[in-house]
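All remarks here apply to the structure that follows.
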Amino acid sequence: MSLEVKALYKNFDNISLFSDFNISFHEGTITCILGPSGCGKTTLLNIMGGIIEPDSGQLSGFNEKSVSYIFQDPRLLPWKTVKENIEFVLKREMPAEQRHKVAEQLIRLMELEDFAGYYPSRLSGGMRQRVSIARAFAYPSDLILMDEPLKGLDIKLKLNLVRMFSKMWQADKRTVIFVTHDIDEALLLGSDVVVLSRPPANIVLNRQIDLPFEKRLPDSGPLKEMKGSLMQALGN
Amino acid sequence: MKISFTGKQYISLASVLFMLLVWKILSLHFKSDFVLPSPEKTLITTLSLFTDGKFLATAGTTVSRGLIGFVISGILGIGAGILTGVNQYVNAFLRPILVTIRSIPVVSIILLALIWLHPGAVPVFIGMLTMFPFICTNVSDGIRSIDSELVVMATFYKVSRKRIVGELYIPAVMPFIVSGASSAMGIGWRAIIIGEVLSQPRYGIGTMMQNAQTFLNVDAVIAWTIIAVLISYLFEKSIRLAEKKFITWRA
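Chains Y and C, in that order, are what the protein sequence lines are.
Under our numbering, read the first sequence as residues 4 to 239, first letter to last.
Under our numbering, read the second sequence as residues 3 to 253, first letter to last.
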């Protein structure tokens, strides 16, 4: 059972973002959709997540899945602590005792133990995004959608978040689809990288990265060559 | 940080002493208790009010008028605020009414209310009418300030409608209700006392002030004013305390 988007059409503000667009995803991998700003990446993600409706098209495999979403901004409730924010999405899914256990486990994995009782206003931007990632993994989902989760963070924080994200993903290999316009983000996280053109979108390039996360450093070794070809594809 | 804070407190204390000093100098200048009694004499009068047999009935009646007005305007204000917050047509309908209520001089409403209502009810009515717009506008602003992206997030994670209201909408609006209640109270006490001065109900701080003024008991007018300020301060303080206790999450 694979995830597929077939014959997708979507207009937005009189711009045809997608016109007979097709894409499929491998399960248990991290697919990165890379594209220039305004190419409709986030719209595609929201269509796959059921947040917005396509004008027409078929989505197959998405309906049966339980989905987590890591938004571009962390979207934490300001009046709930780190732990309460994670548990907020779990109440329907599991009994209290399990909820606490899951939240505590994710807090540990995301190295937030010292901040479990903090309100978001006391956390840095990177820490808030870590809570948002913890929330997505705590939620019992098969698929995780992410919208530029590392946007606005400096390279050190990015590498740190990638390290934590990969640690969590390796313990629990869910299907991840994420969109970004940042080549470094794609190179650091993606196992499949798909490059979209300007609208109406079509797939310009589709590459796999078979490198373990810990060997991924931007501007070094095999990634450097890959970066070149992605930049070229993005430029077209 | 701590030093500058105590430094600021010293300056505030100096400001109070400065006001007392100006008062003292003016009272020495006028040399007449009928114009401006000295601070010491006024303090004695204020303290003697507490031992007056009618003190509790007087202050208690004014306080209960304030509370009744506050509760009614709170219920109406929160209700109308929610409606205007969620529905732009209700908002378009209610905004001009609120602007009108806010712009009418309090005295005009009192003069009309005196014709329409029982004297004891006038201050409550005035209090209610002056407090209502603050609470209504604040609740409405609060609802409109709710971050729709948080609602999308909660809906995406299949959080129930009931919990979205209880754990997202209500906590988001709470600070707005508190700040509306606080400004409403501040303005409400003043309006209620003006109402009492003009409607002369049997008991009330305003009634006592008016009586004292008629007999040129300036010290009693000021003494009752001090009581009114204390009441207002106590309520303001308790709202702030409640805010601190219930809204702990703000930086």
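Ideal placement from N, C-alpha and C gives every residue a C-beta, glycine not left out.
Source: prediction; values computed, not measured.
Here Lys-44 of chain Y has Ile-36, Gly-38 and Val-182 as same chain residues with Cβ atoms under 6 Å from its own Cβ, once five neighbours each way along the sequence are excluded. In the DSSP assignment, Phe-127 of chain C falls within the alpha helix (DSSP H) that extends over 123-146.
Close to chain Y, meaning a Cβ-Cβ distance shorter than 7 Å, are the following residues of the stretch 143-164 of chain C: Glu-151, Leu-152, Val-154, Met-155, Phe-158, Tyr-159, Lys-160, Val-161 and Ser-162. For Ala-10 of chain Y, the uninterrupted beta strand (DSSP E) segment begins and ends at 6-15. Per the coordinates, the alpha-carbon of Ala-59 of chain C lies some 31 Å from the alpha-carbon of Ile-106 of chain C. Per DSSP, reduced to three states, the secondary structure at Leu-93 of chain Y is coil, with no helix or strand assignment.
Runs of the alpha helix (DSSP H) lying entirely within the stretch 108-171 of chain Y, each at least 4 residues long, are 128-141 in chain order.
Within the same chain, Cβ atoms closer than 7 Å to the Cβ of Ile-241 of chain C are found at Val-180, Ala-183, Ser-184 and Met-187, the five residues on either side in sequence being excluded. DSSP, read as helix, strand or coil, puts Gln-211 of chain Y in strand. In the DSSP assignment, Tyr-235 of chain C falls within the unbroken alpha helix (DSSP H) covering 220-248.
Shown in chain order are the members of the stretch 111-125 of chain Y whose Cβ falls below 7 Å from a Cβ of chain C: Tyr-122, Ser-124 and Arg-125. Only residues of its own chain outside the window of five on either side were considered, and among them Gly-83, Leu-100 and Gly-182 have a CB closer than 8 Å to the CB of Thr-139 of chain C, listed in chain order. Per DSSP, reduced to three states, the secondary structure at Tyr-72 of chain Y is strand. Only residues of its own chain outside the window of five on either side were considered, and among them Pro-41 have a CB closer than 6 Å to the CB of Leu-22 of chain C, listed in chain order. Considering only Y:Ser-69, Y:Glu-217 and Y:Ala-204, the residue with the shortest C-alpha distance to Phe-15 of chain Y is Y:Ala-204. The stretch 56-131 of chain C contains, as complete alpha helix (DSSP H) runs of 4+ residues, the segments 57-88, 90-105 and 108-118 (chain order). With fewer than 16 other Cβ atoms from the protein chains shown falling within 10 Å of its own Cβ, Met-234 of chain Y counts as exposed. Ranking Y:Leu-112, Y:Leu-11, Y:Asp-145 and Y:Glu-116 by CA distance to the CA of Leu-20 of chain Y puts Y:Leu-11 first. Within the DSSP secondary-structure output, Asp-185 of chain Y pairs in no beta bridge. At a cut-off of 8 Å, the C-beta of Glu-169 of chain C has a neighbouring C-beta in chain Y.
Within 10 angstroms of the beta-carbon of Gly-144 of chain C lie 16 or more other beta-carbons, which makes it buried. When DSSP states are grouped into helix, strand and coil, Ile-180 of chain Y belongs to the strand group. With its beta carbon less than 8 Å from one in chain C, Lys-94 of chain Y belongs to the interface. The residues Phe-216, in chain order, have a CB closer than 6 Å to that of Ser-169 of chain Y in the same chain once the five nearest residues on each side in sequence are set aside. At the C-beta level, Ile-54 of chain Y and Phe-158 of chain C come within 8 Å of one another.
Counting every other CB atom within 10 Å of its CB across the protein chains shown gives Trp-82 of chain Y a total of 16 or more, marking it as buried. When the alpha-carbon of Gly-190 of chain C is set against those of C:Ile-27, C:Asn-213, C:Ser-66 and C:Ala-16, the nearest one is in C:Ser-66. Less than 8 Å divides the Cβ of Leu-6 of chain Y from the Cβ of Phe-28 of chain Y. Excluding sequence positions up to five before and after Trp-25 of chain C, its CB lies within less than 7 Å of the CB of Pro-41, all in the same chain and listed in chain order.
Asn-205 of chain Y carries a coil assignment under DSSP once its states are collapsed to helix, strand and coil. In the DSSP assignment, Val-198 of chain Y falls within the beta strand (DSSP E) that extends over 195-199.
Within the same chain, and ignoring the five residues on either side of Ala-225 of chain C in sequence, the residues whose Cβ sits closer than 7 Å to its Cβ are Thr-44, Thr-47, Thr-48 and Leu-51. Cβ proximity to chain C below 8 Å picks out Ile-54, Val-70, Ser-71, Tyr-72, Phe-74 and Asp-76 from the stretch 54-77 of chain Y. Counting of Cβ neighbours within 10 angstroms places Leu-112 of chain Y among the buried residues, the total reaching 16 or more.
For Arg-177 of chain Y, the closest C-alpha among the options Y:Ser-63, Y:Met-51, Y:Glu-56 and Y:Ser-71 is that of Y:Ser-71. For the pair Leu-115 of chain Y and Ser-124 of chain Y, the Cα-to-Cα distance works out to about 15 Å.
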